[in-house]
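Below: one structure, written as structure tokens.
In structure tokens, the structure reads:
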């Protein structure tokens, strides 16, 4: 046992944490285990040379497709599989007084023998590594103890009971010149000793900027405090009517203490699964209703779904949320810098909530843990970062024979793989949904607390909405990039754009093939070179990911899955702006690129303070290479332009957005046709207090009870 | 007791049916009760003059708004309310050998005393009354016994085991000239004695047309049987490879008999509500989670929701699905006539399924019955045409304090008012959803069986998809018109269109108010004259129904509800086609008209065989009258262009579409902020077999159990 391994096991036993390591199961896409993390760290300890090693990311390098695909096919065929060698990648810094040198190591992790450094590359000049929780905390401490900052605060004549709270945020590039790696702070007031008080209801119009290297104060930015114009606190000698702020609490305990009662008329609603859930987990491979796939998880993307097969047929090689950008629409400094890349800058894995039984889902729930690390490289465990459960999704399909009055009805059961991330003030809920009709959906719920700034009471802004006295919630966008790596009955696919188009018609001289003007046809356009396309709901535009080598025997058309793109508004920032340049996935709804190993992050490898040369999606599209009957990747950009409502504060009710991947002539009939009938015997629903419909309803109830038949036989 | 009343009570006791009549409760919008129907019929019996009276519709005339609003306000205020006189409207025909004369009667139904004819108006010349089940059945019988039809079938050399099945359909206008009222039949083959066999998998390329007046055969239309061109069976001497048809069954019993097993790995999933549902019903007035409204139901629209208030504040006066059109895209005769208006031609009330306990929903369910009538005017009862239940809709809102790691999380409970209609081969599921954040959504699920026609095996069509051997499912559209009669804090409202628009930017000379090119603003345009507008997702276009007389004290903006229009493809039929003229609501997403009593049906009063002069939405818009700070109605057209997949056969998995009405600065904070925390103690979820995560998961479980707290305190 190496030094680090013994230290690790000591730590593990001391903390009483469990490793997510899964000895009985092996899959080459499983996240690094605690001991693999330890072995990786172990391999580079000696490179410290007395400097302080600061670990940013330690994660699995997924095997190249050329190596992985044969393995997956053998595995799917139930053959004995060999163990593929594992490789870890470490992003680590050597911190010194002036800053830090950042390097990327690749470490081989042979099953036996010690780990080895394969390669070591410095982070390219001009690129900035992302911040991390350790840096954020250190920077916050440095800020709150900084005399210049304290003096500036002292000038503000704050209420005696006000405490300053500072949230580390993301610094956005505002020039093409390299800027020192910086952490801006959104500063607020707290009027309570309870750390869960909603300080976002009392913003301070000051943005201090701290060096992410030295943690020194770089400068203080003062924010505009009128609805229009650039006047700041400095123009008002620091005067602001702080007393205008009112509590706007969300925490149920705080609300209760303040006498704000919760509604009491919502009765218990429980999901009971007497025979358990319908899925099985072997390690991180899940099997449910003809579906089988691997559930990976990493620091940056969070959930990664791989090798997705339905009834043994390959559908998708890899699905993940690749990146996202959140640009704000208030053009006034320093607000113009507010453009977060929550995945690239911080990481969906790093910020994943530890989900708790029965709080975030109902029914029988499985949780997946994640072996992680702290900045010094010691292993940590994130519990329940992924939850897995089934959900009833209403009627799956129904037909009633009007002659016999006999309905055939089924319920739609779905499988949900969910993770929830907290990015300072805001939350995203990512849920992959699998259904019995062989469809896959990604549901994104946007919730959490708006990023707020101060505005003089009585003022309104053209760039946002006042959501609490003195509190402006700025208009902004959320643009997600979903990476879809298809394998529709094989890895050589073609994306075909399909529009529904009216046939030509001239009332005076009706064409013989459209005499009455009602005809329409479907216009197809194959995307043969890497490029982009946009949603066009007015044309009923869909994108079919086809396998040009496989024909559906019933329809005579190529087997396919279709993507109905969400036609959300795209990037509002001007095409010549840096904000636009940075969002390499923000200008179109659909991108198609040729597959290349490790091209995973649409916004580029280093989005933090990026200025548009991040070598991301835009450059891959520019290759103009063949994507016809080829191994390709589809990228879908969608999201929401969020102009806040007062109703979005203090915590925003979930705004729900979904995209769908549906089989289209992939099967020879409805794949859900064999779902058993929905019956009262199976569902055991209850009749609501019959009230005024006593006779009729009892009748329904008795019929339902009597030998499991109701009058229509739907419960046969 | 009048003659008809005694007959009625005899019938009632004989059939052992229950009336939906609700003595203890009274509401002026309650549907006609069985005895009101009887009294209405009673009032016109004497007009028969020996002819056969044929009743098409008998329904409540809703009181004029001027009379109803004061009543509703008193009722909402809990004051003692007077009983408003009731009026029924009857559409009835006097059938004779040559056809029938159709009249519309208004009948007064005073609380005491006998019913009286208020008015009698003939159906305008050139307008056609809708078909009804009685006519459909009579026509079907006439067709199957018709010698000409039988002779034509005999020529086809059908397999000996083949039986002919004929589904009555809707006849579409193909000229502006009046055409006799007709019923076309879609004819199929059945190869089984079981009436639930799927005959839609064996279409016959013949469309016989029967007179809806005399039930005589008008003619036989032969259908094209190639993918392109007009060649019919006549061109092939009636030869068609009938043996190409294969069974494509959906009925679970038939499938079981045929050895087609249903999947067996889906385990029970039950919704338990140990303390019952959270709603209360008084008659047809429901109260749930600060919501209160009346649930009406009628022959044509089905569910009608009225007087919708949240926390005592008025939001909407009336919500309903007003009409829909389903035009088909195959331009070849006789297919070009396929354009159904399922509400106007048939009726969502008439075709509503009788829902059965536990087959169509889970949990504790309430059902509403509907007093209806048969063609001879005798009362009937439709049981369970509306079901009411709660559903868990996932996380309502969540925020985790990254400092304390304490999450505040709530679940979203929704109330669902649902009806399901069967229109011959096809089904629609309409569900109004009310949430705890004061939002209202309409969910439409399209399911059922595609309307199929014959196509020679091996052929493919530019106008549809082959979904089973020899079976073509034609491309078509479903366009719904939802009628939204708002009362946003009062009846004088204004609709404002709002786009999110980038600010001007010039990189060379950045404007001082948008130096970095990231700024955007919201462009508002009030709709002041009756007119239309279209969805524009690329501009993030929303429509706010505002009350210009009420200002939100927090934001300083007018209180409003916003409608995010579904940007679905609009009518594909050419603007100069009859099909387009008939769909008066098919050309735009949004229409705004001034309120007028009884302007309820977007497609006009008589859509059957209408040819574009139906006096519907188009003519109301043309009035060009004031809708600014006025009593107005918003009409939203949305739907789906449905190019069938093989996966949509034999029964289509639900295609789900939703529209949302959300408060926008209507409240002074999130209306859902007082929803109690989601806790394991309340939800009682179960942990999935821990598998490889034993220690970690047990830990989660124990923490959750221990005094109802999990490690994050979310279950506090």
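Protein chains in written order, with UniProt numbering: chain X, 1 to 716; chain G, 1 to 716.
All C-beta atoms, glycine included, are put in the ideal place defined by N, C-alpha and C.
Residue i - containing beta strand (DSSP E), residue span
i, result
"residue 733/G", "Since the first residue shown for chain G is 1 and the last is 716, residue 733/G is missing from the structure and cannot be characterised."
"residue 133/G", "Not the beta strand (DSSP E): residue 133/G falls in the alpha helix (DSSP H), residues 133–144."
"residue 163/G", "163–168"
"residue 409/G", "406–423"
"residue 499/G", "494–502"
"residue 485/G", "476–486"
"residue 653/G", "652–664"
"residue 393/G", "379–401"
"residue 753/G", "Because chain G in this structure spans residues 1 to 716, residue 753/G falls outside the shown range and cannot be described."
"residue 106/G", "99–109"
"residue 515/X", "Here residue 515/X belongs to no beta strand (DSSP E), and DSSP marks it neither H nor E."
Residues near residue i by beta carbon distance below 7 Å, same chain, minus five either side
i, result
"residue 51/G", "94, 95 and 96"
"residue 621/X", "530, 531, 532, 591 and 593"
"residue 222/G", "205, 206, 232, 233 and 234"
"residue 468/G", "201, 246, 248 and 649"
Range of the contiguous alpha helix (DSSP H) that encloses residue i
i, result
"residue 73/G", "65–76"
"residue 26/G", "Note, residue 26/G: premise wrong, no alpha helix (DSSP H); not H, not E."
"residue 580/G", "578–582"
"residue 680/G", "680–683"
"residue 42/X", "34–44"
"residue 153/X", "147–154"
Same chain, Cβ closer than 8 Å to residue i, five either side skipped, listed in chain order
i, result
"residue 676/X", "410 and 682"
"residue 614/G", "127, 582, 584, 603, 604, 605, 606 and 607"
"residue 22/X", "Residue placement at residue 22/X cannot be trusted, given a pLDDT of 46 that sits under 50; the coordinates are not used to answer."
"residue 220/G", "148, 149, 152, 206, 207, 208 and 209"
"residue 454/G", "203, 204, 205, 223, 225, 240, 470, 471 and 472"
Neighbourhood of residue i by C-beta distance below 6 Å, restricted to the same chain and skipping five residues each side
i, result
"residue 308/G", "293, 315 and 316"
"residue 798/X", "The structure shown does not extend to residue 798/X, since chain X spans only 1 to 716, so no value can be given for it."
"residue 718/G", "In the structure displayed, chain G extends from 1 to 716; residue 718/G sits before or after that span and is not available."
Exposed unless 16 or more other CB atoms sit within 10 angstroms - verdict on residue i
i, result
"residue 576/G", "exposed"
"residue 137/X", "exposed"
"residue 110/G", "exposed"
"residue 741/G", "Outside the shown range of chain G (1 to 716) lies residue 741/G, about which nothing can therefore be said."
"residue 112/X", "exposed"
"residue 624/X", "exposed"
"residue 586/G", "buried"
"residue 501/G", "exposed"
"residue 540/G", "buried"
"residue 188/X", "buried"
For a minimum of 3 consecutive residues, which ranges assigned as the beta strand (DSSP E) are wholly contained in the stretch 210–264 of chain X? 217–222
* To do: Give a yes or no on contact between the stretch 256–270 of chain X and the stretch 484–504 of chain X, applying the rule of three or more CB pairs nearer than 8 Å.
  => no
Can at least three beta-carbon pairs, one atom from the stretch 449–458 of chain X and one from the stretch 417–434 of chain X, be found at a separation below 8 Å? yes
Which runs of the alpha helix (DSSP H) at least 4 residues long sit entirely within the stretch 566–650 of chain G? Give them in chain order. 578–582 and 617–621
Task: Residue ranges of each beta strand (DSSP E) within the stretch 334–382 of chain X, 3 or longer - done: 364–373
**Prompt:** Would you call the stretch 151–171 of chain G and the stretch 563–574 of chain G in contact, with 3 or more CB pairs under 8 Å?
**Reply:** no
Checklist entry - Is there contact between the stretch 653–662 of chain X and the stretch 438–447 of chain X, where contact requires at least three CB pairs shorter than 8 Å? => result yes
Checklist line | Given 8 Å, three or more beta-carbon pairs between the stretch 71–85 of chain X and the stretch 42–57 of chain X | finding: no
- Query: Are the stretch 629–649 of chain X and the stretch 360–375 of chain X touching by the rule of at least three beta carbon pairs closer than 8 Å?
  - Reply: no
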